[in-house]
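Under the UniProt record's numbering, the residue at position 225 of the sequence shown is numbered 225, and the numbers go up by one with no gaps.
The block underneath contains the structure these notes are about, expressed in structure tokens.
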Amino acid sequence: MLGILAAQHGQAVSEAAMGSSELSHSVFSLAPFLLLLAALAEVAGAELATFIVHVQPQEGQVLASAADRHAWYRSFLPEDGRLVHEYRHVASGFAARLTREELDALSAVPGFVAAVPDETHELHTTHTPLFLGLDAHQAQMANRSSERGAGVIVCMLDTGVFPTHPSFADDGMPPPPPRWKGRCDFTGGAVCNNKLIGARSFMSNDLRVQPVDDAGHGTHTASTAAGAVVPGAQVLGQAAGVAAGMAPRAHVAMYKVCNETNCLSSDILAGVDAAVGDGCDIISMSIGGLSKPFYRDTMAMGTFAAVEKGVFVAMSAGNSGPNVSSVTNEAPWMLTVAASTMDRSIRSTVRLGNGVLLDGESVYQPHVPDSTFYPLVYAGASGKPYAELCGNGSLDGLDVGGKIVLCEYGRGPRQNISRILKGAVVRSAGGAGMVLLNTFAQGYTTLAAAHVLPASHVDYAAAAAIKSYVSSTANPTAQILAGGTILGTSPAPSIAFFSSRGPSLQNPGILKPDITGPGVNVLAAWPFQVGPKTAPPPLSGQTFNVDSGTSMSAPHLSGIAAFIKSKHPDWSPAAIKSAIMTTADVTDRAGYPILDEQREPAGLFATGAGHVSPEKAADPGLVYDIAASDYIGFLCGLYNSQNVSVIARRPVDCSAVAVIPESMLNYPSISLAFERTRNWGTPVTVERTVRNVGEVPAVYYAAVDMFDGDVTVDVAPRELEFSEENQEQRFEVAVWARRNGAKVVQGALRWVSDTYTVRSPISISFL
Numbered sequence: 001m002l003g004i005l006a007a008q009h010g011q012a013v014s015e016a017a018m019g020s021s022e023l024s025h026s027v028f029s030l031a032p033f034l035l036l037l038a039a040l041a042e043v044a045g046a047e048l049a050t051f052i053v054h055v056q057p058q059e060g061q062v063l064a065s066a067a068d069r070h071a072w073y074r075s076f077l078p079e080d081g082r083l084v085h086e087y088r089h090v091a092s093g094f095a096a097r098l099t100r101e102e103l104d105a106l107s108a109v110p111g112f113v114a115a116v117p118d119e120t121h122e123l124h125t126t127h128t129p130l131f132l133g134l135d136a137h138q139a140q141m142a143n144r145s146s147e148r149g150a151g152v153i154v155c156m157l158d159t160g161v162f163p164t165h166p167s168f169a170d171d172g173m174p175p176p177p178p179r180w181k182g183r184c185d186f187t188g189g190a191v192c193n194n195k196l197i198g199a200r201s202f203m204s205n206d207l208r209v210q211p212v213d214d215a216g217h218g219t220h221t222a223s224t225a226a227g228a229v230v231p232g233a234q235v236l237g238q239a240a241g242v243a244a245g246m247a248p249r250a251h252v253a254m255y256k257v258c259n260e261t262n263c264l265s266s267d268i269l270a271g272v273d274a275a276v277g278d279g280c281d282i283i284s285m286s287i288g289g290l291s292k293p294f295y296r297d298t299m300a301m302g303t304f305a306a307v308e309k310g311v312f313v314a315m316s317a318g319n320s321g322p323n324v325s326s327v328t329n330e331a332p333w334m335l336t337v338a339a340s341t342m343d344r345s346i347r348s349t350v351r352l353g354n355g356v357l358l359d360g361e362s363v364y365q366p367h368v369p370d371s372t373f374y375p376l377v378y379a380g381a382s383g384k385p386y387a388e389l390c391g392n393g394s395l396d397g398l399d400v401g402g403k404i405v406l407c408e409y410g411r412g413p414r415q416n417i418s419r420i421l422k423g424a425v426v427r428s429a430g431g432a433g434m435v436l437l438n439t440f441a442q443g444y445t446t447l448a449a450a451h452v453l454p455a456s457h458v459d460y461a462a463a464a465a466i467k468s469y470v471s472s473t474a475n476p477t478a479q480i481l482a483g484g485t486i487l488g489t490s491p492a493p494s495i496a497f498f499s500s501r502g503p504s505l506q507n508p509g510i511l512k513p514d515i516t517g518p519g520v521n522v523l524a525a526w527p528f529q530v531g532p533k534t535a536p537p538p539l540s541g542q543t544f545n546v547d548s549g550t551s552m553s554a555p556h557l558s559g560i561a562a563f564i565k566s567k568h569p570d571w572s573p574a575a576i577k578s579a580i581m582t583t584a585d586v587t588d589r590a591g592y593p594i595l596d597e598q599r600e601p602a603g604l605f606a607t608g609a610g611h612v613s614p615e616k617a618a619d620p621g622l623v624y625d626i627a628a629s630d631y632i633g634f635l636c637g638l639y640n641s642q643n644v645s646v647i648a649r650r651p652v653d654c655s656a657v658a659v660i661p662e663s664m665l666n667y668p669s670i671s672l673a674f675e676r677t678r679n680w681g682t683p684v685t686v687e688r689t690v691r692n693v694g695e696v697p698a699v700y701y702a703a704v705d706m707f708d709g710d711v712t713v714d715v716a717p718r719e720l721e722f723s724e725e726n727q728e729q730r731f732e733v734a735v736w737a738r739r740n741g742a743k744v745v746q747g748a749l750r751w752v753s754d755t756y757t758v759r760s761p762i763s764i765s766f767l
């Protein structure tokens, strides 16, 4: 879904107070106090609030059983009934409801490390398998495609799941692997099977809640990642075809951590903790919040532990684009996924009274006689603040009866005016239809939706033409014509306006987002029928919906990761990520550079490494791997020992750790920053190591693509020879900047053999 701003209750701890990574004992001891102050600043007096409390056993303390751990956690609390969640696998600690005075007292108990206030996060919310080269029809047949994801367990943290949807039917599915330890918490007849192998709820406001999806988001994302093959999928007659997840043979488990509006960080951490303990291979989350240091970011902490235990993690990049540095879920151990379009349009055309035709999109397309035109009225004509957004009450006093109303895209300050709500407001006011107008920020991105009345979402150029016609015509009229589903549209893929952009605020030396995938007008399973109540139900009884957001692109990558994992079960999460990134496409289907919402070439801060190419990712040739211990060295380059210990769930002394600067982490991309005051004659040098997972013998030759003559990149050695599988080779990349060049210069390093091209994007910023 499209809104993602999180209400962060916590204040960032001063980095100046935290000091460098090598700290004296006195500063090390001060850190818990500073973290406690940040937590206490958020709660007043005797008010109860939920905190995530990080604790670590004292030297010699033994916790031999779950009962021992429970008793130890309880020893920190003033009374029964305060414990919300216990964490075992991805955090050392618990969530509890405490007053400010109780938290202050708790901090004096031996073993206390830090307390973080609970936070509220929001969700980032058929044709795609074919668009990505994974034919859904072939997945129906008994051939290689039908085994995509076989034996892999994909775990979704979301709003729950609709278990009886045919996307979760288990026809031909084997039982889950023996390592699976999860459970199914449905009651009243709804049961799991060999496809949907587990479902649990972690909603702390009511732990009796079943993991049923009341919002639709979780059902949509789960079926996108690993839904079964379902013929005859469609929404209100549009986007018809065979629906299938990216990994239709994978098993699925759902962990309900969100309702229809928000997700609590303590619940999310509990969901990750359970997913790791249950035996998940892939964790997928389309959830995000504000950028914050990783030691205060619950999702970063939980997923770090998951990756340490061999679990691959895919996360949505966020829907705050096209704003610079709006990307969320920035940690290097997670795959951060941007959103782009595909070559399908669910067309709804606006015909103006002067005969001009302007294409837009809408899923609901009732038949309108070609001869019927309606008066056009601009919602902003009411004069009320933000009336142009068509929020509740905004059309009061404006005559819209029997007219097509022009509403502008946007949610408004402190409001949540969704696209569907705009149409509902217009319909309730007597309007005959709605044209949703892009502003400049949305550019050429249009979104199909199951509106409740005839509608069309048009791009900025069309919006400008419509506004000009209305302002220059005494009695402007228009009609909305059904255009049906159009395949083969271009440019595709292109970056959606809402897709959050880099550079990362938390680790600018790591290029984020990592990758882009389909996230616009994605058809997938839905728990209930959409559109107006008068719309006929689907003949098959199967309910689907079209939705957009990085919420939709992230599960595509989760399913693709499952596909790769099924082919290479021994690969680490970092190796799978490398395979996805280094094989990505940097051109669209016509062979031109991928464009953004303004139809300008999209930079690396929008696309990451490029658009995912699943079949190539399953056979990448070379991979950049990262050991879990390397992330500790990376973290010690960012934070002090105390904060790294919170993330690592164990004491870490950064003075005894080999620090790895951001640019030196063995990442599949390279991101460097030049100070404008530096000595320009001295290069910045980074090292990388690649492992051969392709054919042998093989020779790879270095090729550098840089598009600014003031920047020179050299690679040594220029050739890499491999004589055996899993052989590793190391190389250096040296970057010179001749002068204070452009603010950002971007290019790529390619290792090319007779069979493979292994591409790493390079981003160079001038500070």
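Glycine included, each C-beta is placed from N, C-alpha and C at the ideal position.
All figures in this text were calculated on a predicted structure; none of them were measured in a lab.
Legend entry - Burial state of Gly397 (16 or more Cβ within 10 Å): As a first step, residue 397 is located in the sequence shown; it is residue number 397 there, counting from the start. It counts as exposed.
Legend entry - Start and end residues, beta strand (DSSP E) containing Phe674: As a first step, residue 674 must be located in the sequence shown, where it is residue number 674. Run containing Phe674: Ile670 to Phe674, per the beta strand (DSSP E) assignment.
Inset, instruction - List the DSSP bridge partners of Phe722. - result: Stepping through the sequence shown from its first residue, residue 722 is reached at position 722. According to DSSP, Phe722 bridges with Ala698.
Legend entry - beta strand (DSSP E) runs wholly inside the segment 403–430, at least 3 long, in chain order: 404–408
Legend entry - The beta strand (DSSP E) enclosing Ala455, as first and last residue numbers: Residue numbering aside, residue 455 sits at position 455 when the sequence shown is read from its first letter. That run of the beta strand (DSSP E) goes Ala455 to Val458.
Inset, instruction - Indicate the three-state DSSP secondary structure (helix, strand or coil) for Val313 in the structure shown. - result: Counting from one through the sequence shown, the residue named residue 313 turns up at place 313. It is a strand residue.
Inset, instruction - Excluding the 5 residues preceding and the 5 following Ser92 in the sequence, name in chain order all residues of the same chain whose CB lies nearer than 7 Å to its CB. - result: Here the question's residue 92 lines up with position 92 in the sequence shown. Excluding positions up to five away in sequence, the list reads His54, Val55, Gln56 and Arg649.
Inset, instruction - Check Leu181 in the structure and name its three-state DSSP category. - result: Looking up residue 181 in the sequence shown gives position 181. Residue 181 is actually Lys in this sequence, not Leu. Three-state result, Lys181: coil.
Inset, instruction - Run the CB neighbour count on Ile153, radius 10 Å, all protein chains shown included, and call it buried at 16 or more, exposed below. - result: In the sequence shown, residue 153 corresponds to position 153, counting from 1. Buried: at least 16 other Cβ atoms inside 10 Å.
Inset, instruction - Keeping to the same chain, check which residues put their C-beta closer than 8 Å to that of Gln238; ignore five residues upstream and five downstream. - result: Looking up residue 238 in the sequence shown gives position 238. By the criterion of a C-beta distance shorter than 8 Å, Gln238 is surrounded in its chain by Ile346, Val363, Gln365, Ala448, Gly484, Thr485 and Val546, once the five residues flanking it on both sides are discounted.
Legend entry - Nearest to Trp736 (by Cα), restricted to the options Thr682, Leu421 and Phe605: On the sequence shown, position 736 is the one that residue 736 refers to. Comparing Cα positions, the closest option is Thr682.
Inset, instruction - Within 10 angstroms of the Cβ of Gly393, are there 16 or more other Cβ atoms? Answer buried if so, exposed if not. - result: By one-based count along the sequence shown, residue 393 stands at place 393. Label assigned to Gly393: exposed.
Legend entry - Extent of the continuous beta strand (DSSP E) to which Ile626 belongs: The count along the sequence shown starts at 1 and reaches residue 626 at position 626. Neither: Ile626 is in no beta strand (DSSP E) and is coded neither H nor E.
Inset, instruction - Pick helix, strand or coil for Leu433, following the three-state DSSP scheme. - result: Numbered from 1 along the sequence shown, position 433 holds the residue referred to as residue 433. In the sequence as displayed, the identity of residue 433 is Gly instead of Leu. In the three-state reduction of the DSSP assignment, Gly433 falls in the strand class.
Legend entry - Met581: first and last residue of the uninterrupted alpha helix (DSSP H) it sits in: Counted from its first residue, the sequence shown places residue 581 at position 581. From DSSP, the alpha helix (DSSP H) with Met581 extends over Pro573 to Thr582.
Inset, instruction - State whether the segment 542–559 contacts the segment 228–238, with contact taken as three or more CB pairs (one from each stretch) at a distance under 8 Å. - result: yes
Inset, instruction - Indicate whether Thr669 and Met581 have their beta-carbon atoms separated by less than 8 Å. - result: Taking the first residue of the sequence shown as position 1, residue 669 is located at position 669. Taking the first residue of the sequence shown as position 1, residue 581 is located at position 581. According to the sequence displayed, residue 669 carries Ser and not Thr. Taking 8 Å as the Cβ cut-off, Ser669 and Met581 qualify as a contacting pair.
Inset, instruction - Pick helix, strand or coil for Asp273, following the three-state DSSP scheme. - result: Start at 1 with the first residue of the sequence shown, and residue 273 comes out as number 273. DSSP places Asp273 in helix when its eight states are reduced to three.
Legend entry - Local Cβ density within 10 Å of Arg599, reported as buried at 16 or more and exposed below that: As a first step, residue 599 must be located in the sequence shown, where it is residue number 599. Arg599 is exposed by the Cβ-count criterion.
Legend entry - Chain-order list of residues whose beta-carbon lies under 6 Å from that of Pro620 (same chain, five-residue window excluded): Looking up residue 620 in the sequence shown gives position 620. For Pro620, where only same-chain residues beyond five positions count, the Cβ hits under 6 Å are Ala579, Thr582 and Thr583.
Inset, instruction - Name the residue from Leu436, Glu59, Ala96 and Pro117 whose alpha carbon lies nearest to the alpha carbon of Pro78. - result: One-based indexing of the sequence shown puts residue 78 at position 78. For Pro78, the nearest C-alpha among the options comes from Ala96.
Legend entry - Option nearest Arg148 by Cα separation, candidates Ser494, Lys565, Arg411 and Glu47: Start at 1 with the first residue of the sequence shown, and residue 148 comes out as number 148. Nearest option by C-alpha distance: Lys565.
Inset, instruction - Could you pull out every residue in the same chain whose Cβ sits closer than 6 Å to the Cβ of Pro527, ignoring the five residues on either side in sequence? - result: For this step, residue 527 is matched to residue 527 along the sequence shown. These residues qualify, in order along the chain: Phe162, Asp213, Gly216 and Thr219.
Legend entry - Spatial neighbours of Lys422 in its chain, beta-carbon cut-off 6 Å, leaving aside the 5 residues before and after: Position 422 of the sequence shown, counting from 1, holds the residue named residue 422. So the list reads Cys390 and Cys407, once near-sequence residues are dropped.
Legend entry - Enclosing alpha helix (DSSP H) for Asn643 [first to last residue]: Here the question's residue 643 lines up with position 643 in the sequence shown. Taken as a continuous stretch (DSSP letters only), the alpha helix (DSSP H) holding Asn643 covers Ser641 to Ala648.
Legend entry - Sequence-distant residues of its chain with Cβ nearer than 6 Å to Ala463 (five each side left out): On the sequence shown, residue 463 is found 463 positions in, with the first residue counted as 1. Taken in chain order, the residues that qualify are Leu437 and Asn438.
Legend entry - Backbone CA spacing between Val522 and Ala429 [nearest angstrom]: As a first step, residue 522 is located in the sequence shown; it is residue number 522 there, counting from the start. As a first step, residue 429 is located in the sequence shown; it is residue number 429 there, counting from the start. Answer to the nearest angstrom: the Cα atoms are 30 Å apart.
Legend entry - Simplified DSSP assignment, three categories, for Phe33: As a position in the sequence shown, residue 33 is number 33, starting the count at 1. The predicted position of Phe33 is uncertain, since its pLDDT is 42 and thus under 50; no value can be drawn from it.
Legend entry - Cα-Cα separation, Pro178 to Ala673: As a working note, residue 178 is residue 178 in the sequence shown. As a working note, residue 673 is residue 673 in the sequence shown. In this structure, the CA atom of Pro178 is about 48 Å from the CA atom of Ala673.
Legend entry - Pair within 8 Å by beta-carbon distance, Ile495 and Ser340: If you number the sequence shown from 1, residue 495 lands on position 495. If you number the sequence shown from 1, residue 340 lands on position 340. Contact: yes.
Legend entry - Per-residue DSSP class, three states only, for Gly81: Position 81 of the sequence shown, counting from 1, holds the residue named residue 81. Coil, per DSSP.
Legend entry - Within-8 Å CB hit, Val711 to chain D: The structure shown contains no chain D; it is built from a single protein chain.
Legend entry - Run of the beta strand (DSSP E) containing His54, from where it starts to where it stops: Within the sequence shown, residue 54 is the residue found at index 54, counting from 1. Where His54 is concerned, the enclosing beta strand (DSSP E) stretches over Ala49 to Val55.
Inset, instruction - Return helix, strand or coil for Thr224, following the three-state DSSP convention. - result: Here residue 224 refers to the residue found at position 224 when the sequence shown is read from its first residue. Reduced to three states, the DSSP call for Thr224 is helix.
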